[in-house]
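Asker: Residue numbers (the numbering used here): 21 to 345.
No residue lacks a Cβ here, since even glycine has one placed at the ideal position from N, Cα and C.
1. With the cut-off set at 8 angstroms, would you say residue 257 and residue 305 are in Cβ contact?
2. Is it true that the stretch 319-338 meets the stretch 282-298, where meeting means three or more beta-carbon pairs spaced less than 8 angstroms apart?
3. Please state the DSSP three-state secondary structure of residue 343.
4. So is residue 315 buried or exposed if we call it buried at 16+ other beta carbons inside 10 Å?
5. Which of helix, strand or coil does DSSP assign to residue 329?
6. For residue 348, which residues from the same chain have a beta carbon less than 7 angstroms from its beta carbon, with the 5 sequence-adjacent residues on both sides left out?
7. Leaving out the 5 sequence neighbours to the left and right, which residues in its chain are closer than 6 angstroms to residue 81 when beta-carbon positions are compared?
8. Can you name, in chain order, every residue of its own chain whose Cβ lies under 8 angstroms from the Cβ of residue 106, other than the five neighbours on each side?
9. For a test of the three-state rule: what should DSSP assign to residue 119, helix, strand or coil?
10. Just mark residue 362 as buried or exposed, buried being the case when its beta carbon has 16 or more other beta carbons within 10 Å.
11. Would you give the residue range spanned by the alpha helix (DSSP H) that residue 274 belongs to?
12. Going by Cα to Cα distance, which pick from 179, 23 and 49 is closest to residue 274?
13. How would you write the range of the alpha helix (DSSP H) that residue 71 sits in, first residue to last?
14. Can you tell me whether residue 258 sits near the ligand FAD, meaning its C-beta is under 7 angstroms from at least one heavy atom of the ligand?
15. Could you say if the stretch 167-175 and the stretch 116-128 meet the contact criterion of at least three C-beta pairs nearer than 8 angstroms?
16. Give the secondary structure of residue 246 by DSSP, where H, G and I count as helix, E and B as strand, and everything else as coil.
17. When the Cα of residue 333 is compared with those of 139, 48, 198 and 42, which residue comes out closest?
18. So is residue 71 buried or exposed if we call it buried at 16+ other beta carbons inside 10 Å?
19. Flag this pair as yes or no: are the beta carbons of residue 154 and residue 146 separated by less than 8 angstroms?
20. Can you tell me whether DSSP reads residue 313 as helix, strand or coil?
21. What residue ranges within the stretch 109-196 form continuous beta strand (DSSP E) runs of no fewer than 3 residues, ordered along the chain?
22. Comparing C-alpha positions only, which one of 281, 167, 320 and 189 sits nearest to residue 255?
23. With burial defined as no fewer than 16 other Cβ atoms inside 10 Å of the residue's Cβ, what is the status of residue 245: buried or exposed?
24. On the premise that residue 152 lies in contact with residue 329, defined as a C-beta separation below 8 angstroms, what is that separation, rounded to the nearest angstrom?
25. Could you compute how far the alpha carbon of residue 100 sits from the alpha carbon of residue 86?
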C-alpha cells in the first residue's frame, strides 16, 4: 500500500486491524483445502479502499464503530471477492494484483466452488445477524455489476457506445460497489433512508471518477501496473476515445473504429488509436469530466458535519483521482 494511503487510513487503523481479524474469521472452513485457499486470498489483499469507505462513512454518524459496520464491510469483501474469483475463471486470467489467481493454482472447478463458498458465507453472515438492509444494498450492487459487465460485452461487439451508455456501464460496473460501501456504512450506523441514499450517491460519484481515472491510464498518462492500450486491445470504448470519435469526420471515425475492431493485439494499430485520441483532445476532456464528478462528490460530502472522518473521506476521494496506479 502507498504511504499516502497509509496516512489516510491512520485514523481507523485500530478498526481496520480488528476488521481483518473478523474478516479472516468469517472465511473459516472445516475443509482443509478451502481453509488453505481462504488464507491465500486474505494474504493477497489490495489497498482495502472498500472497508475504508465503509468505516469512514459510518463515522460521519457515530465515532464508535458498531458490530453491524464490521459485518457490512465483511459482506462487501466476501461478495466482491467471490465475483473476482469467478471473473478470473471467465477471463482465463492467471494473475490478480501480481499474485497467481485461484484458478491458476487450483484449476477452474475449484475456483468456481470457492466463489460460491464466499458468496454463501456473505449471505449467511447477514442472514444470521438479521442485517437485511445491508444484504439488500450489497446484493443490489452485485446485480448492477453483473449487468454492467454484460452491457459492456454486448456493446463491444458493435462498438456503438456513446457517452450515455458509457456512464451506464461504469456506474454499474465500478461505481455501484463504492456506492454500496458508503450506503452500508451509513445504514450500519443507523442513518435514515434519506441519509443512506445521500451516502450512496456520494459513493457513486466517487466511483465514476475512480473508473474514469482508470480509463485514462490506458493512454499512458502514468507509470502503471497494466500495459498501455489494453482497453483498446480488448475493444473497450472508454470516454477519451468516445469523445475523440464524436468530433471526428466520417472517414477518420471509420478508420479508427476499424483499427479498434481489428487490432488483434497489433501494437502499431493500438498506438495509432492512442495518438488519435491525444491529438483530438480526448485526454483533456476526460480529465475535465473526472474533475467534475470529484467536485460533485465533494459537494455532497460537505453537507455532512465537519469531523475527522469527513476530512479523511476528502483525502480518500482526492487519492482516487490523483493515484498513479
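Answerer: In this structure, then:
1. In this structure, residue 305 does not lie closer than 8 angstroms to residue 257 by Cβ.
2. Touching, no.
3. Looking at residue 343 - three-state DSSP - the assignment turns out to be coil, as it is neither helix nor strand.
4. With fewer than 16 Cβ atoms within 10 Å of its Cβ, residue 315 is classed as exposed.
5. Residue state for residue 329 is assigned as helix, using DSSP reduced to three classes.
6. Outside the shown range of the chain, which is 21 to 345, sits residue 348, and nothing can be said about it.
7. These residues qualify, in order along the chain: 209 and 211.
8. Non-local beta-carbon contacts of residue 106 in its own chain, meaning distances under 8 angstroms to residues more than five positions away in sequence, involve 131, 132 and 135 in chain order.
9. In this structure, DSSP gives residue 119 an extended state, which the three-state scheme calls strand.
10. This structure cannot speak to residue 362, because the chain is shown only from 21 to 345.
11. Counting along the chain, the alpha helix (DSSP H) containing residue 274 begins and ends at 270-281.
12. It is 179.
13. Residue 71 -> alpha helix (DSSP H) spans 69-78.
14. With respect to the ligand FAD, the structure shown offers nothing to examine, as it has no ligands at all.
15. With the rule of 3 Cβ pairs closer than 8 angstroms, the stretch 167-175 does not count as touching the stretch 116-128.
16. For residue 246, the pLDDT reaches just 49, beneath the cut-off of 50, and the residue's location in the model is therefore unreliable, although a value from the coordinates is still provided. In the structure shown, residue 246 sits in coil (DSSP, three-state: anything other than H, G, I, E or B).
17. Minimum Cα-Cα distance from residue 333 among the listed residues 139, 48, 198 and 42 corresponds to 198.
18. So residue 71 ends up on the buried side.
19. Yes, the pair counts as a contact, with Cβ atoms nearer than the cut-off.
20. In this structure, residue 313 counts as helix in the three-state DSSP scheme.
21. At a cut-off of 3 residues, not a single continuous stretch assigned as beta strand (DSSP E) sits fully inside the stretch 109-196.
22. For residue 255, the closest C-alpha among the options 281, 167, 320 and 189 is that of 281.
23. Model confidence at residue 245 stands at a pLDDT of 44, short of 50, so the residue's coordinates are unreliable; what they give is reported in the following sentence. Burial call: exposed.
24. Not really, about 25 angstroms apart at Cβ, beyond 8 angstroms.
25. Roughly 22 angstroms separates the two Cα atoms.
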